[in-house]
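Residue numbers (our numbering), protein chains in the order written: chain A, 1 to 176; chain B, 1 to 176. Glycine included, C-beta positions come from ideal geometry on N, C-alpha and C.
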């Protein structure tokens, strides 16, 4: 999926997300739910820390892809986290981004629209590469096609689970 | 001034700004200053509305310039507001952006670093163009050079005030 990600547009989407968060705080404060408001703030800060970790991995295209994915009209919602203590990695950013982008596009054609579809990616940088844990929960309509896509990918993928409600696999990506 | 304004970088700066605001809310909540926290939220929402109005003017380069100005290392802090009810304008975005950018750069060489330097721009779209009200307060060191820059600009500028602490002028920019 493509979009015009100029400065004005990127900031427009980001502003929209942040304002939603601010409204959530505001709503809870106006109901005098101080504790809930504080919990929301803590969640926001943690989410921002994950964004910062992702942005610091030295994978600008991959990070950009993940940062804008929820602003595209995919039928799933993306979450991600960066695990471990290694802060920057050396790998082919373009290839990784291309593969991930094509996976998002293909996944989108295999799932049912307007369902609770969630994709979570955990990123574990290691000495000699990065392990990615992909976990999708939602409504999968084209299981066989999805299996074929994953098996035919020229990548080191270990499929762990594929049902009508779940897809889970590990992807190992080596350093350049 | 130039910078690498890719998606990751733009969002990095925006995240930093938003987190500062969130921390301000958090700080006030932890001191049980509920009312102050709510006021801050209202200010944040109003500021975001100005950003949105600026972004909708159909001047993508000019809007982008203003949106990133405070992320550059200028010696002044920029504020802006969009007045009136006209929501989009038709003018030469590139020329306007170029002039404004060169003014920012030149102003920066004429003021004292690390002082309370503030530049405020009010933008008033009208039927046949846009009126810009520039107001600077702070410490101006090179008054004559600044006056010359403004008088020699090929633009419709009405200088209203120029002292050691203040510069104020109106700029009229016609539609294309």
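Per DSSP, what kind of secondary structure is residue i in: helix, strand or coil?
{"i": "residue 99/B", "result": "helix"}
{"i": "residue 1/A", "result": "Caution is warranted here: a pLDDT of 48 is assigned to residue 1/A, below 50, making its placement in the model unreliable, and the coordinate value is therefore given only provisionally. Coil at residue 1/A, not helix or strand."}
{"i": "residue 161/B", "result": "strand"}
{"i": "residue 16/A", "result": "helix"}
{"i": "residue 11/A", "result": "helix"}
{"i": "residue 6/B", "result": "coil"}
{"i": "residue 86/A", "result": "coil"}
{"i": "residue 29/A", "result": "helix"}
{"i": "residue 156/A", "result": "strand"}
Chain B partners of residue i, CB-CB under 7 Å?
{"i": "residue 29/A", "result": "34, 37 and 38"}
{"i": "residue 125/A", "result": "What residue 125/A touches in chain B: nothing, since even the nearest Cβ is about 17 Å away."}
For a contact meaning CB atoms closer than 7 Å, what does residue i contact in chain A?
{"i": "residue 14/B", "result": "11 and 14"}
{"i": "residue 63/B", "result": "8"}
Less than 8 Å separating the beta-carbons of residue i and residue j?
{"i": "residue 124/B", "j": "residue 84/B", "result": "yes"}
{"i": "residue 134/B", "j": "residue 101/B", "result": "no"}
{"i": "residue 162/B", "j": "residue 147/B", "result": "yes"}
{"i": "residue 29/B", "j": "residue 34/A", "result": "yes"}
{"i": "residue 78/B", "j": "residue 59/B", "result": "no"}
{"i": "residue 80/B", "j": "residue 111/B", "result": "no"}
{"i": "residue 150/B", "j": "residue 157/B", "result": "yes"}
{"i": "residue 64/A", "j": "residue 6/B", "result": "yes"}
{"i": "residue 98/B", "j": "residue 138/B", "result": "no"}
{"i": "residue 160/B", "j": "residue 152/B", "result": "no"}
{"i": "residue 179/A", "j": "residue 107/A", "result": "A query on residue 179/A cannot be resolved here, the shown segment of chain A reaching from 1 to 176 and no further."}
{"i": "residue 178/A", "j": "residue 86/B", "result": "Because chain A is modelled from 1 through 176, residue 178/A falls outside the range shown and cannot be assessed."}
{"i": "residue 18/A", "j": "residue 18/B", "result": "yes"}
{"i": "residue 57/A", "j": "residue 89/A", "result": "yes"}
{"i": "residue 14/B", "j": "residue 11/A", "result": "yes"}
{"i": "residue 131/B", "j": "residue 172/B", "result": "yes"}
{"i": "residue 92/A", "j": "residue 176/A", "result": "yes"}
{"i": "residue 200/B", "j": "residue 22/A", "result": "With chain B covering only 1 through 176, there is no way to say anything about residue 200/B."}
{"i": "residue 114/B", "j": "residue 69/B", "result": "no"}
At which residues does the beta strand (DSSP E) containing residue i begin and terminate?
{"i": "residue 132/A", "result": "129-137"}
{"i": "residue 174/B", "result": "166-174"}
{"i": "residue 78/B", "result": "77-82"}
{"i": "residue 126/A", "result": "118-126"}
Counting only Cβ pairs nearer than 9 Å, list the residues of chain A close to residue i.
{"i": "residue 22/B", "result": "18, 21, 22, 25, 41, 44, 45 and 48"}
{"i": "residue 67/B", "result": "7, 8 and 11"}
Could you check where the alpha helix (DSSP H) with residue i kicks off and where it finishes?
{"i": "residue 61/B", "result": "60-69"}
{"i": "residue 113/B", "result": "Counting along the chain, residue 113/B falls outside any alpha helix (DSSP H), and DSSP gives it neither H nor E."}
{"i": "residue 45/B", "result": "34-55"}
{"i": "residue 151/A", "result": "143-152"}
Using the beta-carbon of each residue, which ones in chain B are nearer than 8 Å to residue i?
{"i": "residue 177/A", "result": "The shown model of chain A, from 1 to 176, leaves out residue 177/A, and the question about it has no answer."}
Residues of chain B with a CB under 9 Å from the CB of residue i: which are they?
{"i": "residue 55/A", "result": "8, 9, 11, 12 and 15"}
Does the region 44-51 of chain A come close enough to the region 48-57 of chain B to have 3 or more Cβ pairs within less than 8 Å? No: the two stretches stay apart, fewer than three of their Cβ pairs being nearer than 8 Å.
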